[in-house]
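In UniProt numbering, the protein residues as written are 1 to 105.
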């Protein structure tokens, strides 16, 4: 499994515009072979540089690369995206954990 992390700079007041575009792209990506799941997160701090962060899990790096095909590029580029800068990267998990809830009071 690989993690795809994409951090988006979205100007304040443009959330709806961004979400409309992102939803269209995401609707395509979830159909691609190797897609596992995603979480789109919005910052609770309006002055955060990256107001939205998409965390997507893919079966493999090859699947992720194949998913970013010509149709994806057409959906994710163009004048409508001009105000929404993104910083994407692929990651591998090197550590994971969770709290043991058996010790709860």
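Note that CB positions come from ideal geometry on N, CA and C, so glycine has one too.
DSSP-derived helix/strand/coil call for residue i
i: residue 82; result: coil
i: residue 89; result: strand
i: residue 71; result: helix
i: residue 38; result: strand
Extent of the continuous beta strand (DSSP E) to which residue i belongs
i: residue 56; result: 52-58
i: residue 30; result: Run containing residue 30: none; DSSP gives neither H nor E here.
Residue i: first and last residue of the uninterrupted alpha helix (DSSP H) it sits in
i: residue 44; result: Neither: residue 44 is in no alpha helix (DSSP H) and is coded neither H nor E.
Contact set for residue i: own chain, Cβ-Cβ below 6 Å, skip 5 residues either direction
i: residue 32; result: 67
i: residue 7; result: 50, 53, 87
7 Å Cβ shell around residue i - same chain, five flanking residues per side excluded
i: residue 60; result: 2, 34
From the options, residue whose alpha carbon lies closest to that of residue i
i: residue 55; options: 29, 47, 62; result: 29
i: residue 36; options: 42, 45, 70, 26; result: 26
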